[in-house]
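> Before I ask anything, here is the structure I am working with.
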Amino acid sequence: MVFNTGSTLLDAIVLAVVSKDAEGTYGYKITQDVRDVIELSESTLYPVLRRLHKDECLATYDKECAGRNRRYYQITDKGSAQLQLYKTEWISYSTKITSVFEGGITHE
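Under this note's numbering, the first residue of the sequence shown carries the number 535, and numbering increases by one thereafter.
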């Protein structure tokens with residue numbers, strides 16, 4: 535992708551991905567799901583997950599899987615409210631950008 539992905543957009547995408555599973559999901563799966571939309575390395579994702587956890591948008595719990603502990607992330611009520619704000623803002627923003635691309639904004 536030629537466009538830069540800022541931290542706010544990345545937060546929004548991660549919250550959207552995590553919100554899809556009420557039981558929560560784990561870091562590797564989140565990385566794979568986000569990669570369906572944008573290029574992202576695991577080294578980029580984990581600081582985002584830590585920040586969203588610190589900001590109380592995500593909760594974590596550990597669960598055993600194949601003899602190892604796996605950290606799961608769940609969206610919190612605060613995270614759901616933040617995601618809703620991001621969705622509302624994205625609709626407005628993307629509509630304006632699309633309008634510019636389609637030649638819809640002119641000032642005479």
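Just so it is clear, CB atoms sit at the ideal spot from N, CA and C, and this is done for glycine as well.
Give the range of the alpha helix (DSSP H) segment to which E576 is assigned.
Run containing E576: E576 to K588, per the alpha helix (DSSP H) assignment.
> Measure the alpha-carbon distance for G637 versus G561 and round it to whole angstroms.
So the alpha carbons of these two residues sit roughly 41 Å apart.
> Please say whether Y607 and L583 have beta carbons closer to each other than 8 Å?
Yes, the pair counts as a contact, with Cβ atoms nearer than the cut-off.
> How is D555 classed by DSSP in three states: helix, strand or coil?
It is coil, neither helix nor strand.
> Determine the direct distance from the alpha carbon of N538 to that of T629, and round the result to whole angstroms.
Their Cα atoms are separated by approximately 18 Å.
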